[in-house]
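Residue numbering for the sequence shown follows UniProt numbering, beginning at 1 and increasing consecutively.
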Amino acid sequence: MAASMICSRASAGLRGSGLRAALGSAAAKALAGSPGILNSHGFQVQQQQQRRLSLHEYLSMGLLKEAGISVPHGVVAKTPDEAYKIAKEIGTKDLVIKAQVLAGGRGKGTFEGGLKGGVKIVFSPEEAKDISSKMIGKKLFTKQTGEKGRICNQVFICERRYPRREYYFAITMERSFQGPVLIGSSQGGVNIEDVAAENPEAIIKEPIDIVEGIKKEQAVRLAQKMGFPPNLVDEAAENMIKLYNLFLKYDATMIEINPMVEDASGVVMCMDAKINFDSNSAYRQKKIFDMQDWTQEDQRDKDAAKADLNYI
Numbered sequence: 001m002a003a004s005m006i007c008s009r010a011s012a013g014l015r016g017s018g019l020r021a022a023l024g025s026a027a028a029k030a031l032a033g034s035p036g037i038l039n040s041h042g043f044q045v046q047q048q049q050q051r052r053l054s055l056h057e058y059l060s061m062g063l064l065k066e067a068g069i070s071v072p073h074g075v076v077a078k079t080p081d082e083a084y085k086i087a088k089e090i091g092t093k094d095l096v097i098k099a100q101v102l103a104g105g106r107g108k109g110t111f112e113g114g115l116k117g118g119v120k121i122v123f124s125p126e127e128a129k130d131i132s133s134k135m136i137g138k139k140l141f142t143k144q145t146g147e148k149g150r151i152c153n154q155v156f157i158c159e160r161r162y163p164r165r166e167y168y169f170a171i172t173m174e175r176s177f178q179g180p181v182l183i184g185s186s187q188g189g190v191n192i193e194d195v196a197a198e199n200p201e202a203i204i205k206e207p208i209d210i211v212e213g214i215k216k217e218q219a220v221r222l223a224q225k226m227g228f229p230p231n232l233v234d235e236a237a238e239n240m241i242k243l244y245n246l247f248l249k250y251d252a253t254m255i256e257i258n259p260m261v262e263d264a265s266g267v268v269m270c271m272d273a274k275i276n277f278d279s280n281s282a283y284r285q286k287k288i289f290d291m292q293d294w295t296q297e298d299q300r301d302k303d304a305a306k307a308d309l310n311y312i
């Protein structure tokens, strides 16, 4: 889910914690910097103008699935009738409907029409159709969107999984490390900014040598520090390595998984994904940039893009 923001890195932020639209993101704020200007929480503050592309959750989750990363089964619906059909095809008793809006705080947002919350649990195809009808074509208002709101044109319908433990994981670029850094925490599924402010020692960082790339022992070490059970450390590490490879492959500036979980069946899964991409890579990432949803962009950015310019 963006223009320049004050960050504690050279990068950016999502979920459910939120990094969607901008670099005033959770991953950024979770990074305690090295020497430099510090904010009130002791984080290094760097200000930069860096343009980026953010994708809807269902598209980001699709990229993870293509990379062999475990994610819940889900399908996007653009109409209430499609939502009904998809819910029947998924066939589970419980489903999660997520409004696809590039704005943070959707879970606590309000739709025009009065529906509270952009993430809902439903228990039948009929309920999926009803809830979708109150989301699709309506504006969602959150703290981030302000009074303008942001239109919801589609919903992501997923099987409901039952996490046993929830973790936070992100990859971003950090100037003080001169390259990528993995960020992890045992406190996932919540606003990571709050964790960073109230319990900064719960945020773990693992810098990656940009030349040598990620090493298995680094991913294993981070998974252990995050508190994954011994029998799931290797599986969690493998997911981290796949996410790092995806980060490089698509010229991402940030990948945020919140939460990464051990579910009730004992499988490590990524329950939500937010990915930002470097706009300078558009020429070689056509597949990614063709996914851009211009209905979610500021009108000034749209006008600039039509003129082949960047609005700053």
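Where is the CB? At the ideal position from N, CA and C, for every residue including glycine.
Sequence-distant residues of its chain with Cβ nearer than 6 angstroms to residue i (five each side left out)
i	result
V101	L140, R150 and C152
F177	P207
residue 386	In the structure as shown, the chain starts at 1 and stops at 312, and residue 386 therefore has no counterpart that could be examined.
L246	A67
K116	T110
G184	F169, I204, L222 and M226
I288	Y250 and F277
Q144	A103, G104 and G105
P35	Residue placement at P35 is flagged as unreliable, the pLDDT there being 34, under the threshold of 50; the coordinate-derived value follows with that caveat. Within the same chain, P35 has no close Cβ partners at all.
Beta-carbon proximity check, residue i vs residue j, cutoff 9 angstroms
i	j	result
A252	A236	no
M282	E256	Reading the sequence as shown, one finds Ala at residue 282 and not Met. No, the pair does not count as a contact, with Cβ atoms beyond the cut-off.
A196	I204	no
P125	K85	yes
E250	Q285	Note on identity: in this sequence residue 250 is Tyr, with Glu being the wrong assignment. Cβ distance < 9 angstroms, so Y250 and Q285 count as in contact.
R111	K129	The displayed chain sequence assigns Phe, not Arg, to residue 111. Cβ atoms of F111 and K129: not closer than 9 angstroms.
K132	A170	Correcting the residue identity first, residue 132 is Ser in this sequence and not Lys. Result no, Cβ atoms of S132 and A170 do not sit closer than 9 angstroms.
A264	R175	no
A219	L248	no
I122	R106	Reading off the sequence shown, one finds Val at residue 122, where the question assumed Ile. Going by C-beta atoms, V122 is not nearer than 9 angstroms to R106.
K98	V155	yes
P259	E166	yes
Span separating the alpha-carbon of residue i from that of residue j
i	j	result
F228	V267	11 angstroms
E209	G179	The sequence shown places Asp at residue 209, rather than the Glu named in the question. Taking the straight line joining both Cα atoms gives about 7 angstroms.
G74	Y58	8 angstroms
V190	V261	13 angstroms
N231	K215	19 angstroms
E217	T142	41 angstroms
K148	A103	12 angstroms
G213	S60	22 angstroms
E63	D234	Checking the displayed sequence, the identity of residue 63 turns out to be Leu instead of Glu. Using only the alpha carbons, I get a separation of about 22 angstroms.
Sequence-distant residues of the same chain with beta carbon closer than 8 angstroms to residue i, five excluded per side
i	result
R221	E206
T295	I151 and N153
N199	Q187
Cutoff 7 angstroms; reference residue i; Cβ partners in own chain excluding five residues on either side
i	result
K134	F111, G113 and L115
I69	N239, K242, L243 and C270
A77	A83, I86, S132, Q154, V155 and I157
Evaluate the contact criterion for the stretch 151-170 versus the stretch 86-97: three or more CB pairs, one atom per stretch, below 8 angstroms.
At 8 angstroms Cβ cutoff, the stretches touch.
If you scan the stretch 98-181 from start to end, which runs of the alpha helix (DSSP H) of 4 or more residues do you find wholly inside it?
Within the stretch 98-181, the complete alpha helix (DSSP H) runs of at least 4 residues are 125-133.
Could you tell me which whole beta strand (DSSP E) segments of length 3 or greater appear in the stretch 245-280?
Within the stretch 245-280, the complete beta strand (DSSP E) runs of at least 3 residues are 252-263, 268-270 and 274-278.
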